[in-house]
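In the working numbering, the protein residues as written are 5 to 298.
Just so you know, even glycine gets a beta-carbon here, dropped at the ideal spot from N, CA and C.
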């Protein structure tokens, strides 16, 4: 059996003039602290999790931060709540050699840095399936219910491809399904049936106008429907209702209060106390004390 985890390549935004734009470009994967962006004008491309977090973090030190989002209307131009230097725009139309960036709303910004908060590409350089599994515009497929390639099941399975989800409960259920199939406790449909089901799913996405890159996106209720389907396959308890409720409450709060949705805790002293207690405990084992210095 080859059971694999996804690897990833950086996904970068592309638009007219980006290759010759003279400023600095960085992907959120490489972001650590806001200090290097002090007094800069920064454009953040992407308004999902990393875009929301990083734009707010940088806004603490930057002169201006402009967020480009493809989920807003073309004429969007608004200052985001809680900041006097953070603006929301639609997508970028073009970047110019003079350092300016033009948004779809007609606004022009002369920026120092473009931050790509644009996610990742699925990438499996170690996997040779003789063409049975491909990655096409971030669709890994064909996969029966995001896990089993019909032609190679059950020997090959993918855990953890879906996104915009509550990850660990889902990945646990996927793993339980794979384990149940491999143990012989649960049977998969025939190869033809799995392929037919998968093609029907892809056709449904296409008919709904959903691009291939969103194949593994599970918005709204679909993730919990999928979780419960997985649970049913391996005779495992369904997702508790409170998990669903927490997910929706959390997302609602993120979008309504993006600057303040996190809880703030002033508890660093507890870390110091815990370390001191640990050292005191370790003093009972003098032969281990040198390990604390490594």
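Item: Rounded C-alpha distance that separates residue 79 from residue 99; Value: 18 Å
Item: Beta-carbon proximity check, residue 61 vs residue 38, cutoff 7 Å; Value: yes
Item: Rounded C-alpha distance that separates residue 84 from residue 189; Value: 53 Å
Item: Residues sharing a beta bridge with residue 2, DSSP; Value: Because residue 2 is not part of the residues shown, which for the chain are 5 to 298, the question remains open.
Item: Same chain only: Cβ atoms within 6 Å of residue 181, ignoring 5 sequence neighbours per side; Value: 234, 237 and 238
Item: Where residue 144 falls, given that 16 or more other Cβ within 10 Å makes a residue buried; Value: buried
Item: CB-CB length for residue 169 against residue 222, believed under 8 Å; Value: 5 Å
Item: Buried versus exposed call for residue 246 [16 or more other C-beta atoms within 10 Å across all chains shown]; Value: exposed
Item: Distance between beta carbons of residue 104 and residue 75, contact taken as under 8 Å; Value: Incorrect: roughly 24 Å between the Cβ atoms, too far for contact.
Item: Spatial neighbours of residue 131 in its chain, beta-carbon cut-off 6 Å, leaving aside the 5 residues before and after; Value: none
Item: N- and C-terminal bounds of the beta strand (DSSP E) containing residue 140; Value: 138-140
Item: Status (buried if at least 16 other CB within 10 Å, exposed otherwise) for residue 228; Value: buried
Item: CB contact flag (residue 77, residue 95, <7 Å); Value: no
Item: Straight-line Cα distance separating residue 290 from residue 255; Value: 49 Å
Item: Spatial neighbours of residue 14 in its chain, beta-carbon cut-off 7 Å, leaving aside the 5 residues before and after; Value: 31, 33 and 124
Item: Expected contact under 8 Å - CB spacing of residue 154 and residue 202 to nearest Å; Value: 7 Å
Item: Cβ shell of residue 257 (< 7 Å), same chain only, five flanking positions each side left out; Value: 265
Item: For residue 279, three-class secondary structure by DSSP; Value: helix
Item: Collapsed DSSP secondary structure at residue 177 in the structure displayed; Value: helix
Item: Buried or exposed by the 16-neighbour rule on C-beta atoms within 10 Å, applied to residue 8; Value: The predicted position of residue 8 is uncertain, since its pLDDT is 47 and thus under 50; a value taken from the coordinates is nonetheless stated next. The residue in question, residue 8, is exposed, as its Cβ has fewer than 16 Cβ neighbours within 10 Å.
Item: Cβ pair residue 87, residue 63 closer than 7 Å; Value: yes
Item: Start and end residues, beta strand (DSSP E) containing residue 143; Value: 143-145
Item: Closest Cα partner of residue 232 within the set 42, 121 and 242; Value: 242
Item: Residue burial classification, residue 6 (beta-carbon count within 10 angstroms, cutoff 16); Value: Here the model assigns residue 6 a pLDDT of 43, short of 50, so the residue's position is not dependable and the matter cannot be decided.
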